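Chains A and B are the protein sequences, given in the same order. Those letters in the first sequence? Residues 1 to 105, by the numbering used here. Those letters in the second sequence? Residues 106 to 210, by the numbering used here. Beta carbons: idealized from backbone N, C-alpha and C, even for Gly. Keep in mind the model is a prediction, meaning the values are calculated, not measured.
Number of protein chains: 2
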Amino acid sequence: MLGEFEQLVLLAILRGGTDAFGAGIQREIEDHGGRRVSLGAVYTTLGRLEQKGLVEAWVGEPTAERGGRRRRHYRLRAAGRRELEHSLATLRRMTRGLTPGLEVP
Amino acid sequence: MLGEFEQLVLLAILRGGTDAFGAGIQREIEDHGGRRVSLGAVYTTLGRLEQKGLVEAWVGEPTAERGGRRRRHYRLRAAGRRELEHSLATLRRMTRGLTPGLEVP
DNA sequence: CATTAATACCACAATGTCGGAGATATGAGC
DNA sequence: GCTCATATCTCCGACATTGTGGTATTAATG
């Protein structure tokens with residue numbers, strides 16, 4: 001079963017397109033989620049998702065920016081997409097017919 | 106933060122109207138979630154939600170059925186509804202703009 | 001008192017969270 | 001061009017919160 005935060009991380013990866021990486025994922029979730037998120041939490045979750053085969057990663061080239069370690073990029077695997085779809089479908093069915101603000105249209 | 110299963114339980118309570126109780130909540134989740142759920146998991150979660158003040162409970166009168174202990178009924182408190190709305194709103198924002206099957210319309 | 005329906009408890013597994021250590025790039029100053 | 005200060009990002013380890021199933025217990029009915 002996917003946890004709540006795992007769902008968010010998976011969604012953030014999708015939003016980042018092919019460029020998703022740790023710090024960017026953090027930003028994505030903070031921007032849309034209206035909640036603070038630590039980098040540690042993000043990386044721990046990414047590691048677990050990778051272990052479960054839901055996500056794959058590779059290290060990129062150095063960027064043009066100031067400094068820093070190379071980025072590790074992430075992408076959903078087919079299984080990850082399936083899990084995510086399943087979770088969201090359940091939520092959609094559970095909210096169907098409820099009053100506005102709750103319904104996930 | 107609400108966990109994944111907590112969200113489901115809260116939603117199931119809403120769906121059950123004023124009659125929500127343990128076993129009924131289990132059924133609701135299994136019917137819509139397409140996944141097996143144990144009663145123990147449901148009660149443990151209900152207890153925690155109650156402790157956090159998201160849900161309130163009271164014991165009902167004996168039913169007309171064969172036997173059994175009295176049902177314990179559950180209802181969302183304002184805080185519970187707020188938490189749930191917040192979780193779902195986050196999810197909605199995160200899925201907006203993604204391809205069908207993922208978007209939570 | 002046997003049977004049935006429901007709740008409560010407990011132990012363990014999986015997820016969530018954070019802070020800080022470490023790695024690796026850049027650019028400034030000499 | 002070397003060195004070093006600094007910025008950016010990843011990894012690790014410890015602990016808190018949630019998730020799960022199995023089993024026991026309670027309370028009703030005939």
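Item to check | Candidates B:F110, B:L116, B:G108: closest to R96 (chain A) by CA position | outcome: Taking the first sequence and counting its residues from 1, the one referred to as residue 96 (chain A) is at position 96. When only C-alpha atoms are compared, the closest one is B:L116.
Item to check | 4-residue-minimum alpha helix (DSSP H) runs that sit fully inside the segment 144-206 of chain B, ordered along the chain | outcome: 144-156, 183-200
Next on the checklist: Let me confirm a value: G33 (chain A) is counted as buried when at least 16 other C-beta atoms fall within 10 Å, else exposed. Which label applies?
Outcome noted: For this step, residue 33 (chain A) is matched to residue 33 along the first sequence. G33 (chain A) comes out buried.
Checklist entry - What does H137 (chain B) touch in chain A if you count any residue whose Cβ is under 8 Å from its own? => result As a working mapping, residue 137 (chain B) is identified with position 32 in the second sequence. The answer, in chain order, is T90, R93, M94.
Checklist entry - Within this structure, are the beta carbons of L2 (chain A) and E109 (chain B) separated by less than 8 Å? => result Residue 2 (chain A) sits at position 2 when you count from the first residue of the first sequence. Residue 109 (chain B) sits at position 4 when you count from the first residue of the second sequence. For L2 (chain A) and E109 (chain B), yes; Cβs fall inside 8 Å.
Item to check | Neighbour list for L189 (chain B) in chain A, Cβ cutoff strictly below 8 Å | outcome: Here residue 189 (chain B) corresponds to residue number 84 of the second sequence, with the count starting at 1. Correct list: L102.
Checklist entry - Residues of chain B with a CB under 9 Å from the CB of G22 (chain A): which are they? => result For this step, residue 22 (chain A) is matched to residue 22 along the first sequence. Result: empty, since nearest Cβ-Cβ is about 17 Å, beyond 9 Å.
Item to check | Supposed close pair R75 (chain A), G22 (chain A) - CB separation, criterion 8 Å | outcome: The residue given as residue 75 (chain A) occupies position 75 in the first sequence. The residue given as residue 22 (chain A) occupies position 22 in the first sequence. Contact doesn't hold; Cβ gap of about 14 Å is too wide.
Checklist entry - Between which two residues does the alpha helix (DSSP H) containing G132 (chain B) stretch? => result What you label residue 132 (chain B) is simply residue 27 of the second sequence in a count that begins at 1. Looking at the sequence provided, one finds Arg at residue 132 (chain B) rather than Gly. For R132 (chain B), the enclosing alpha helix (DSSP H) begins and ends at 127-138.
Checklist entry - S38 (chain A): buried (16+ other C-beta within 10 angstroms of its C-beta) or exposed? => result Along the first sequence, one-based indexing puts residue 38 (chain A) at 38. Exposed is the call here.
Next on the checklist: Just checking: is the beta-carbon of L144 (chain B) within a distance shorter than 8 Å of some beta-carbon in chain A?
Outcome noted: For the purposes of this step, residue 144 (chain B) is taken as residue 39 along the second sequence, with counting starting at 1. Answer no: the Cβ-Cβ gap between L144 (chain B) and chain A never drops below 8 Å.
Checklist entry - G3 (chain A) versus chain B: which residues are under 8 Å apart at the beta carbon? => result As a first step, residue 3 (chain A) must be located in the first sequence, where it is residue number 3. Those are G108, E109, listed as they occur along chain B.
Next on the checklist: Across the segment 78-87 of chain A and the segment 53-62 of chain A, are there enough close Cβ pairs to call them in contact, namely three or more that are closer than 8 Å?
Outcome noted: yes
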